[in-house]
Structures are given as structure tokens and as C-alpha cells.
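Student:
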Amino acid sequence: MADIELQEGRILIVDDQAYNRELLAYLLSDYGYTFAMAANGKEAVEAIEADDTIDLVLMDVSMPVMDGFEATRLIKAKTTGRYQPVVFVTALDDEQTLAKCLEVGGDDFIPKPVNLNVLLAKVKANQRSAALYRQLQESNTSLLYHQKVMDREHAIVEHVFRNGMQRVDMQCRNIRYSITPLSMFNGDLMLTAPNPSGGVYVMLGDFTGHGLSAAIGCLPVSDIFYAMTKKHADVGDIAFEINLRLQSLLPSYMFFCAAILELSVNGDRLSYWNGGMNDILMIAPGGGVADRLTAQHMPLGVLECDEFDRSITTIKPEARSRIFVYTDGVIEARNSEGEFFGEERLGALFNSPRESYLQTVSEAVAQFQQAQSDDISLFELHCEPVVFDNPAAAEAYLEVRSSNVSLPWNLHCHLEAEELRSGEVVHQFIRLVANETSLARHKDVLFTLISELFNNALEHGLLGMNSADKYSIEGFSSYYSERLARLESLEEGAIDISLKLTGEGNSLLELSISHTGQAFDVAAVRQAQEQAPPVASGYGIKLVEGLCESVEYSDDGRSVTAVYPLISTP
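Numbering (our numbering), first residue to last: 105 to 674.
1. What does the Cβ neighbour count give for A343, buried or exposed, with the cut at 16 atoms within 10 Å?
2. Please work out which residues of its chain come closer than 8 Å, Cβ to Cβ, to A521, disregarding the five sequence neighbours upstream and downstream, and give them in chain order.
3. What's the call for E484, buried or exposed, on a 16-neighbour Cβ count within 10 Å?
4. Can you give the Cα-Cα distance for S555 and V530, rounded to whole angstroms?
5. Can you round the beta-carbon distance between E608 and R587 to whole angstroms, since I take them to be within the 8 Å contact cut?
6. With a threshold of 16 other CB atoms inside 10 Å of the CB of L116, please say whether the residue is buried or exposed.
7. Considering only DSSP beta bridges, list what L450 is partnered with.
8. Rounded to the nearest angstrom, what separates A497 and M294 at their Cα positions?
9. So is D659 buried or exposed if we call it buried at 16+ other beta carbons inside 10 Å?
10. Would you mind sorting S481 into buried or exposed? The rule is 16 or more other CB atoms within 10 Å of its CB.
11. Taking just the CA atoms, how far does H516 sit from T665?
12. Looking at the structure shown, is A297 part of a helix, part of a strand, or coil, going by DSSP?
13. Could you check the C-alpha separation between K180 and Y130 for me, to the nearest Å?
14. I need the DSSP call for S507, collapsed to helix, strand or coil.
15. DSSP puts E484 in a beta bridge; with which residues?
16. My output table needs one value for P403: the three-state DSSP class, helix, strand or coil.
17. So the candidates are P355, A297, M358 and V304; which of them puts its Cα closest to the Cα of A331?
18. With a threshold of 16 other CB atoms inside 10 Å of the CB of G661, please say whether the residue is buried or exposed.
19. What are the residues that DSSP puts in a beta bridge with W377?
20. Here's the rule I'm using: 16 or more other beta-carbon atoms within 10 Å means buried, otherwise exposed. How should V193 be labelled?
21. Does the separation of the CB atoms of C487 and R426 fall below 8 Å?
22. What residue does the beta strand (DSSP E) around E77 start on, and which one ends it?
23. Which residue comes first and which comes last in the beta strand (DSSP E) that contains K604?
24. Here's a check: name, in chain order, each residue in its chain whose Cβ is nearer than 6 Å to the Cβ of M170, leaving out the five neighbours to either side.
25. Out of L365, A437 and G210, which one is the CA nearest neighbour of R449?
26. Going by other Cβ atoms of all chains shown within 10 Å of its Cβ, with 16 needed for buried, is V253 buried or exposed?
27. Have a look at V655 and L374 and give me their C-alpha separation to the nearest angstrom.
28. Would the beta-carbon of I435 fall within 8 Å of that of G446?
29. Please report the distance separating the alpha-carbon of V504 from that of E528.
30. Going by DSSP, name the residue or residues bridged to E614.
31. For the candidate residues D395, Q351 and A203, whose alpha-carbon lies nearest to that of D410?
32. Which residues bound the alpha helix (DSSP H) around F344?
33. Can you look up S555 in the DSSP assignment and give me helix, strand or coil?
34. Name the two residues that bound the continuous alpha helix (DSSP H) containing F173.
35. Residues in its own chain within less than 7 Å of G303 by CB, not counting five upstream and five downstream?
36. For M307, which residues does DSSP report across the bridge?
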């Protein structure tokens, strides 16, 4: 701390002998000090009460009316809000008297007869203490003020965050979650919303770091999430829009790992986009990790729009299975020996069937870690028919106008090599029909159907690729590298896509896709799927057939027509 500048302080001289008072006043006046005088302890107490400019009291011990001990005790009691040093000036030097001086609150001693050098040294020393106390008191007052301002601002920000990230008053019974932030503001973000088909969206993400700096991106992410879910956007489009916003918002060293999922109304179809998050765990009905849905995309906020991959994966989970998603705070929790909780220890918790894996994992992490070092968030999604605690609120949030009636229509697209190389065919096609009221509740299914049939036509028909090549760790990467290379060099060939709203009351959607490439032996694929065990390829055909009322192939497999019912919810 810097040197304290001593003020020419006002000193109260207390002594029943006028000579002693005048002597001390005479000695001090030559050094610029001003002073007041009191003939006994009672007058000293009254002077302190009347004059708050007194910095120091020179107190005699033995006086009439009120002695120095009682006066000092009262002075200390009446000046608790400030530092008021009292220095005893006494000829008494026995241990009992000196101990009592300290007991009643005295700060120092000056022996009689008074030595000038000792007097000045004691006065300056106690002035320093008084000045230091004032500085600390002023700093404390300033800190308290700023603390109140900060608390107020935090309360406002917390209120904005809480209301900004909770847009629909509903809870989905399929979702159990736990969120444990490291500080007041959470760098993890979990959002849920209903979709028009009766299913549910859920997103769990983790910003770089923790605290307010990490949480700052939560508001724009939640804005986009709720705006897109109201439109029944697929999870890939939600990821694209969030990435677009964060790419312009976040500094280069920050990003947002996120898993965005959509569960169908019957709990039998799951679409997901995983960007940089830990493996999504699929837990079998009887316990055990049945599958790990690994991240196939970069975190959000990193890639430019033309680099971003919005493709999603759709699977049909086994009935009563569960999906478990968690942030890094779970596996990176440390014990007293510095060991990580880790994926292996986490996976072992799912080996036995439990009522709530969420509770099991939360308790295990809490018991394991010595001290929390990161935000911890996790959720458990039950793959069963979706149930909301407040269905009316979910419907009001979506604002779906079921009374709107669609007219019969037919949409046809002819795509040649140049259009096929764009890589956005399915998404662009979906956007063409996104505002069609009758399809709003079935957009996720429509995306799955078009994706599967279009990719079959492109990859097997025009590019001549074999799906069996991608069902291995090494093959997956090489398959898509080869796919990109062949697509870039594609010069001839075309794919036609047709959508038709038909049936009584426009109750059916007819999807037709044809191509000009190689023939496709559908019967051989179906036969291979019926073998024990079935071959790895051909799951797309089985998925489409499970969703549609009918699927028919013609022209040696080059054309396929699938009829999907719109009346009954899938």
C-alpha cells in the first residue's frame, strides 16, 4: 500500500491538572496540531460525541467525576463506526494498571513525565493507524456499493436468462434431466419444445468455458431454437441456423458443442444431429449400452455456411429403450487423487436396469468428485409415446391451425448432374413444401423418406456405390470421400422427384423417385435382410417400408413409389 499522508489531526487532551493539559498543548502546537481539552472523563466523552473531527485522545488515568478507564470504555462504545485511538498518558507503570488500560480499549501508553520525541512518535503512529482505518473503511464502503450494483445486475441478467430460455409452460414426461451449474450462470444449455406431430424436440449443448462469458450465447441460441421448432424444422436446419448466428457472434476461440434430437409422437423414431458432443448413449430396455451415437459434425460456431453439414441421422430405437446425453462435466469430474470419472466408469452404471439412470449417474458423480470444476448437465429420454403434462400449453405454443384444408397438388423436380452436385437437394425440396399445412405434422417423416430414397438413387443408381463398404470405422470415412469424388465428376444422369397429395380428403402423400442409372435388385436386398444375422446394408429400405402404407419398385429398381398416410399419426 502507498505511504499514508498524515493530516494535521485534532487531538483531545484529557487531564484534571491544567498544567499537564497546557504542557501537552504547548508541545504539540509547534508541530501544527490543533487540540481540544477536557478536565475529566465525563467531559471527554461529551467532547467526542460533539466533535467527530477528533483523531486522537490523550487520556489521563486518575481523574475526578469519571476516571480514564470508564471514559475510554464509553468512548470506544460510542465510536464503533470509526477508529478512535486512545493513548493513556500516565505515571502509573504497574502491570495491573497497564493491563486494565488495554482491557478497556486503550491503544497505547505514554509515560509521565512526557518526553517530546516519544510523544510525537506515538501521535504519528496512531495517526497512521487511524488514516489506514479510514482508507480501509472507504474502500469497504466502495466495495459494498459495487457489490450491491453487481448483485442487482446479476439479478436482472438472471431474470432475463430465465425468461428468455423458457418459452413454453410444459414438461414432457419422456424427459428427465439434471442441471448443476458451476456458478450463477450456466455455460450448458438444455431446451425442450413440442413439435406439431405430437413429438418433442430436446437440445443439450455446452459452450466453451463456464460462467457468464460462456452463458452469453444462450439467449440467441434459445431464440433460434424456439423459432425453428415452432416451424417444425428438422434438427439439421436448427443446427444450421444456430451455427450461422454463433459464427458471427462468438470470438474465434469459443464454440458450442450440441446434440439436437427429435422424438416422434409414438417414441419409435429418433432424428438427431450431434456436433462435437460426447457419444449419445442408447440404453437397452433391460440395461446396458446398446449403441453409441457418435458426433459426426463439428461444434456450432466454427464452420462457415458453405462448409456446414446439416445432414441428420434417423433411427428406430427399440421400444422402452432410453437415450442418455451428457456434457463434459460428467466424465471430467475429478476425485481427490486427480482421476477423471471417465466414460468407462459412466458406461458401467447402465449395466443393470434401473428406474432412473439419471439419478444413478448424478449421485455417482457427486460422490466421486472432490469439488465441482465444470457445469454438469445430463438428460434421459424415454423412447415411448410422448406425453406432456400440459398438452394445452404445448398446442398454444405451436399455434398449429388444424382447420386449414389443403387442395390437391402435384410437385415435380427434374435434377441433372449440375443440380445434384449442390449437396442440398433434400433440404431445398423440403423447404418448397414447408408451408403446406397438411404436411406440417409430418415434416420429420417426409425428410426421412426423401433422404433415404434420394440417397439410394444417387449413391447406388448414378454413382454405382455399395452401401456395405461404409459399415465399418475405416469404411465410413472412405465411403463418403469416394461419394464426394464421384459426385464432383458426375457428367450424366438425372433424378426425378415427385410429390402428390391424393386420396379421399387428401389423406395420402405419394412420393415417387426415379433415376437413369444402374438397376437395383430390391429382392436380393430384402432377402439378405431376412438372413440371420442380416447384412449391414439395406436398413434404409426397411425403414421406409415401416413408415409407409405401401412401397413399390419398378423399372428394375430404378423407380420407387411410396405412399405415406397423413390421417393417422405415424
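Glycine included, C-beta positions come from ideal geometry on N, C-alpha and C.
Tutor: Taking the structure as given:
1. buried
2. L594, E595, E596, G597 and A598
3. buried
4. 6 Å
5. Not a contact, Cβ separation roughly 41 Å.
6. buried
7. Paired residues: none, contrary to the question.
8. 19 Å
9. exposed
10. buried
11. 13 Å
12. strand
13. 27 Å
14. Note that S507 scores a pLDDT of 43, beneath 50, so its modelled location is shaky; the value from the coordinates is reported in the next line. In this structure, S507 counts as coil in the three-state DSSP scheme.
15. R280 and F428
16. coil
17. A297
18. buried
19. I364
20. buried
21. yes
22. In the structure displayed, the chain extends from 105 to 674; residue 77 sits before or after that span and is not available.
23. A598 to T606
24. N144, G145 and K146
25. A437
26. exposed
27. 22 Å
28. yes
29. Because the pLDDT at V504 is just 47, under 50, the model does not fix this residue reliably, and the point stays unresolved.
30. K604 and V667
31. Q351
32. V339 to L353
33. helix
34. G172 to K182
35. E366, L367, S368, V369 and V490
36. L295 and I364
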